[in-house]
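Q:
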Amino acid sequence: MNKPVISKQRLRTVARLTFGNAASLIYLGVVAATAVFVTVDILFVTHEDASFSGVWLFLLAAPTVFVFLLGSSMWGAEAVGPDWYLYLALAVSVLVQSFVLGWFVRLLRGGAGRTRSAHPQGV
8 MNKPVISKQR LRTVARLTFG NAASLIYLGV VAATAVFVTV DILFVTHEDA SFSGVWLFLL
68 AAPTVFVFLL GSSMWGAEAV GPDWYLYLAL AVSVLVQSFV LGWFVRLLRG GAGRTRSAHP
128 QGV
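For the sequence shown, this note's numbering assigns the number 8 to the initial residue and increments by one for each residue that follows.
Structure, rendered in structure tokens:
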């Protein structure tokens, strides 16, 4: 029987690093609050000229989002690409950065290669 390429354990580890630590959750909370602010600003606030509130999302998703924006040259004449590509690039960038932040926290705590025993030592 063929073994799956990505195991359930590996998916759990990725999910735990992305969503299961305080640093990643704080980062994702700040991004979500900023997204709500940008949405309210765009939909309900009238401006004489363009609002720069959307820049905050890009700053929170930087530097990963710029890799996607550099790759957007495949769309030709359009500067950034279609809207769906921009939203997808923002979402993937935030998730990648949340994962890296969780991995970094785990690395700082010394749990990168260590396995924890279910039984106390000496029993």
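Glycine is no exception: its CB is placed at the ideal position from the N, C-alpha and C atoms.
Values in this document were obtained by computation on a predicted structure and should not be read as measured data.
For Val45, which three-state DSSP category applies?
A: helix
Q: Would Val101 be called buried (16 or more neighbouring beta carbons within 10 Å of its own) or exposed?
A: buried
Q: At a cut-off of 8 Å, is Ala40 close to the ligand NAP when judged by its beta-carbon and the heavy atoms of the ligand?
A: Only the bare structure without any ligand can be found here, which leaves the ligand NAP out of the picture.
Q: Expressed to the nearest angstrom, what Euclidean distance is found between the alpha-carbon atoms of Thr71 and Gln104?
A: Distance between the alpha carbons of Thr71 and Gln104: 7 Å.
Q: Which first and last residues belong to the alpha helix (DSSP H) in which Asp90 is found?
A: Run containing Asp90: Asp90 to Arg116, per the alpha helix (DSSP H) assignment.
Q: When the Cα of Phe44 is compared with those of Phe106, Ile33, Leu64 and Val112, which residue comes out closest?
A: Leu64
Q: So for Ile13, helix, strand or coil by DSSP?
A: coil
Q: Excluding five sequence neighbours on each side, which residues of the same chain lie with their C-beta closer than 6 Å to the C-beta of Ser58?
A: For Ser58, the CB contacts under 6 Å within the same chain, skipping 5 residues up- and downstream, are Asp48 in chain order.
Q: Hey, how far is the Cα of Arg23 from the Cα of Leu67?
A: 21 Å
Q: Could you check the C-alpha separation between Val38 and Ala29 for me, to the nearest Å?
A: 14 Å
Q: Considering only their Cβ atoms, is the gap separating Phe26 from Leu18 smaller than 9 Å?
A: no
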